[in-house]
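Be aware that the sequence shown starts at 1405, since it is given in our numbering, and climbs by one per residue.
Backbone N, C-alpha and C fix where the C-beta goes; we use that ideal spot for every residue, glycine too.
These notes concern the structure reproduced below.
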Amino acid sequence: DLPGFITATKADEDSALPKRIREICLPFITDSSNIKMVVMSATEDPALSYALKLVKKHNQMENAIGVFTKIDMVTNEKLQGRQLMELLNDRSYIPHLGVVGVKLRSAADLASNTSIPEMLKHEVAFIERYKLGNRGLNLGIPKLMDMISSEQLKRISHTFPAIKDQVTKLLEQKRKGHGVIRRLIET
């Protein structure tokens, strides 16, 4: 997990902090073996996302998942999820690995010590309330976890036969080693 990008600092913070964060994150962004999660607020224009800009600049869209937070702030009785659907279906901002909308804990949830399991229940209730699950959208933390796990599995599955061979060889060496020890003890 890396720090989020910032463009300004508070009066009591080091003014070099935005540059230092960029320097920390850039090697991970440019490494094609990493899955990038481009986290953006659903309440803001994705065109303003610095993280998305860097991922595009370094040709890493094929290794990125877009994550729109605060989906509850663009969905209400009047909008009925239309704005969210437009956002999640806008092909100009969707990284190759897809996009998912999530409802995270709000400041009020954090202040009231809402647990992660409670938050997940609230997210499911929110998705059901606006019937968003029936619209073919990728929504929720469990869906995000599934997307990441599937991509990780795809990336490492080709290594399974070699790992199996290594484990088999190690087990065989152990068996042979135990046989030698038994023979020494018996003599």
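Our two residues, residue 1582 and residue 1575, have alpha carbons roughly 11 Å apart in a direct line. In this structure the region 1560 to 1573 does not lie against the region 1436 to 1451, because fewer than three pairs of beta carbons, one per stretch, are closer than 8 Å. Its Cα nearest to that of residue 1436, the residue 1466 stands out among 1480, 1505 and 1466. Out of 1521, 1547, 1536 and 1454, the CA that lies nearest to the CA of residue 1479 is found in 1536. The DSSP-derived three-state label of residue 1436 is coil.
Judged by DSSP secondary structure, residue 1471 falls within the beta strand (DSSP E) whose first and last residues are 1468 to 1473. For a cut-off of 8 Å, the C-beta gap from residue 1410 to residue 1428 is around 12 Å, too long to register as a contact. Nearest Cα to residue 1547 within the set 1558, 1527 and 1559: 1527. In the three-state reduction of the DSSP assignment, residue 1504 falls in the strand class.
Less than 8 Å divides the Cβ of residue 1501 from the Cβ of residue 1555. The distance from the Cβ of residue 1433 to that of residue 1458 is about 5 Å, consistent with a contact at the 8 Å cut-off. Short of 6 Å from the beta carbon of residue 1541, and not among the five residues preceding or following it, lie these beta carbons of its own chain, in chain order: 1492. By the 16-neighbour rule on beta-carbons within 10 angstroms, residue 1549 is exposed.
Comparing alpha carbon positions, the residue from 1423, 1543 and 1460 closest to residue 1446 is 1543. Less than 8 Å divides the Cβ of residue 1442 from the Cβ of residue 1470. Contact between residue 1472 and residue 1444 holds: their C-beta atoms lie close to 6 Å from each other, under 8 Å. Exposure of residue 1430 is indicated by the presence of fewer than 16 other C-beta atoms within 10 angstroms of its C-beta.
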